[in-house]
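Asker: Mind the numbering: the sequence shown is residues 3 to 258 in the working numbering, read in order.
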Amino acid sequence: MTDPVLSIRNLTRRFGGLTAVNGVSWDVYPGEVVALLGDNGAGKSTLIKCVSGVHQPDEGEIYFRGKRSVFARPIDARREGIETIYQDLALANNLDVPANIFLGREAKRSYFGGLIKTLDEKTMLREAAAGLEALDIQFPSLTQPIESLSGGQRQAVAIARAVYWQARLMIMDEPTNNLGVPEQQKVLELIRKLRDQGVPVILITHTLPDVFAVSDRLMVMHRGRKVTEKRTAETNAQELVQYMVGALDDTASAAA
Ligand SMILES: Nc1ncnc2c1ncn2[C@@H]1O[C@H](COP(=O)(O)OP(=O)(O)OP(=O)(O)O)[C@@H](O)[C@H]1O
Ligand SMILES: [Mg+2]
3 MTDPVLSIRN
13 LTRRFGGLTA
23 VNGVSWDVYP
33 GEVVALLGDN
43 GAGKSTLIKC
53 VSGVHQPDEG
63 EIYFRGKRSV
73 FARPIDARRE
83 GIETIYQDLA
93 LANNLDVPAN
103 IFLGREAKRS
113 YFGGLIKTLD
123 EKTMLREAAA
133 GLEALDIQFP
143 SLTQPIESLS
153 GGQRQAVAIA
163 RAVYWQARLM
173 IMDEPTNNLG
183 VPEQQKVLEL
193 IRKLRDQGVP
203 VILITHTLPD
213 VFAVSDRLMV
223 MHRGRKVTEK
233 RTAETNAQEL
243 VQYMVGALDD
253 TASAAA
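(1) Given Gly226, which residues of its chain have a CB within under 6 Å of its CB, disregarding the five upstream and five downstream residues?
(2) Do we get a CB-CB distance below 8 Å when we pair Gln168 with the residues of chain C?
(3) Pick helix, strand or coil for Thr125, following the three-state DSSP scheme.
(4) Ignore the nearest five residues each way along the sequence and tell me which others in Asp60's own chain have a CB closer than 8 Å to its CB.
(5) Using DSSP with H/G/I as helix, E/B as strand and the rest coil, what is Asn102?
(6) In whole angstroms, give me the CA-to-CA distance for Val268 and Leu39.
(7) So, are the CB atoms of Ala158 and Gly83 less than 8 Å apart?
(8) Near Asp78, which residues of its chain fall below 7 Å by C-beta distance, leaving aside the five closest residues on each side in sequence?
(9) State the Cα-Cα distance for the pair Leu134 and Ile161, rounded to the nearest angstrom.
(10) Short check: CB of Val26 to CB of Ser217, under 8 Å?
(11) Taking 8 Å as the cut-off, decide whether the C-beta atoms of Arg67 and Val30 are in contact.
(12) Pull up the CB-CB distance for Ile231 and Ala164, whole angstroms please, since I reckon it's below 8 Å.
(13) Count the other C-beta atoms from every protein chain shown that fall within 10 angstroms of the C-beta of Ala235, then say buried if there are 16 or more, exposed otherwise.
(14) Assign Ser217 to one of three DSSP states: helix, strand, or coil.
(15) Is there at least one non-hydrogen atom of ligand 1 closer than 7 Å to the beta-carbon of Thr48?
(16) Tell me Ser9's beta-bridge partners as DSSP assigns them.
(17) Who are the Cβ neighbours of Asp175 in its own chain at under 8 Å, not counting the five residues just before and after it?
(18) Can you list the alpha helix (DSSP H) stretches of 4 or more residues lying completely in the stretch 149 to 177, in chain order?
(19) With 16 other CB atoms within 10 Å as the buried threshold, where does Thr145 fall?
(20) Do Val189 and Leu196 have their beta-carbon atoms positioned less than 8 Å apart in this structure?
(21) Using the Cβ count rule (16 or more neighbours within 10 Å means buried), how would you classify Glu149?
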């Protein structure tokens with residue numbers, strides 16, 4: 003059997019008296035799209051923020067590519083190849099597309115044996131254009147600020163960044179929220195493309211048709227706990243809703 007790319011063991015994260023994530027263990031394998039489901043406040047974003055270095059777990063461990071990982075900051079997780087598109091999309095609005103793709107990892111040109119370094123904007127523009135072309139995304143102009151792009155185009159920039167930096171795990175928190183239907187389809191296509199390139203994708207979404215359209219497996223959280231894990235083909239929307247509202251709980255029936 004293949005080894006998981008990501009292995010979460012007994013992870014707990016509290017905020018004061020509230021246990022947002024409660025003893026969750028979960029594995030994600032190479033080349034699969036897994037959906038992470040649950041009602042508002044179930045703990046989905048908190049769980050993935052522990053994986054991407056935004057939060058630190060209070061208990062439990064995270065293993066990434068077989069190695070125990072402690073990410074103090076998001077950049078530590080990104081350096082290991084974990085790219086995350088957050089619910090509150092983390093792009094710099096005043097910068098253009100190439101600047102966003104290279105954000106924090108800008109291409110530099112050295113002069114005089116490294117004494118003078120300047121940003122290599124030509125290289126960044128060329129690489130950004132190639133990256134987006136490979137994903138088959140059209141942009142009116144790459145040099146306009148991000149704030150003038152549509153939601154779908156912004157998602158595409160974040161995805162292009164993940165592809166360019168050869169993400170080993172892509173995490174997307176509600177990526178089709180606030181998008182028009184054609185743009186939603188584009189994001190789903192991009193998710194399939196990532197999977198076809200062997201990059202596992204964790205997709206957090208409330209949109210059940212998206213779950214059935216792209217995911218291979220899924221996990222449902224309820225009040226901080228994992229209540230089920232299934233192959234997508236082995237369940238249906240009606241059953242998933244039951245898990246999401248807490249009417250079904252595999253762990254409860256196992257304990258009873
Ligand atoms: N930074 C924080 N400080 C305090 N409480 C928090 C913080 N982040 C999340 N919580 C709480 O933790 C619980 C889980 O929140 P989380 O954002 O993980 O839920 P979610 O499943 O992502 O929900 P949604 O579907 O609405 O995005 C909620 O009760 C929330 O209020
Ligand atoms: Mg959330």
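Where is the CB? At the ideal position from N, CA and C, for every residue including glycine. As the structure is a prediction and not an experimental result, all values here were calculated from the model.
Answerer: If we stick to the structure as given:
(1) The beta carbon of Gly226 is closer than 6 Å to those of Thr21, Ala22, Val23, Asn24 and Gly45 in its chain, skipping five residues each way along the sequence.
(2) Absence of chain C from the displayed structure is noted, only one protein chain being present.
(3) Helix, per DSSP.
(4) Once the five neighbours on either side are set aside, the close Cβ partners of Asp60 are Thr14, Arg15 and Arg16.
(5) Secondary structure of Asn102 (DSSP, three-state): helix.
(6) Absent from the model: residue 268. The displayed extent of the chain is 3 to 258, so no value can be given.
(7) In this structure, Gly83 does not lie closer than 8 Å to Ala158 by Cβ.
(8) Within the same chain, Gly55 come within 7 Å of Asp78 by CB-CB distance, once the 5 residues on both sides are set aside.
(9) Cα to Cα, Leu134 sits roughly 9 Å from Ile161.
(10) Taking 8 Å as the Cβ cut-off, Val26 and Ser217 do not qualify as a contacting pair.
(11) Cβ atoms of Arg67 and Val30: not closer than 8 Å.
(12) In the sequence as displayed, the identity of residue 231 is Glu instead of Ile. Contact between Glu231 and Ala164 is ruled out by a C-beta separation of about 25 Å, above the 8 Å threshold.
(13) Ala235 is classed as exposed because its beta carbon has fewer than 16 other beta carbons within 10 Å across all chains shown.
(14) Coil at Ser217, not helix or strand.
(15) Checking the Cβ of Thr48 against ligand 1 gives yes.
(16) In the DSSP output, where bridge partners are listed per residue, Ser9 has Asp29 and Tyr65.
(17) Cβ within range, chain order: Lys46, Ser47, Ile50, Thr86, Ile87, Tyr88, Gln89 and Ile206.
(18) Complete alpha helix (DSSP H) runs here, min 4: 153 to 166.
(19) By the neighbour-count criterion, in which 16 or more other beta carbons inside 10 Å mark a residue as buried, Thr145 falls on the exposed side.
(20) Result no, Cβ atoms of Leu196 and Val189 do not sit closer than 8 Å.
(21) The residue in question, Glu149, is exposed, as its Cβ has fewer than 16 Cβ neighbours within 10 Å.
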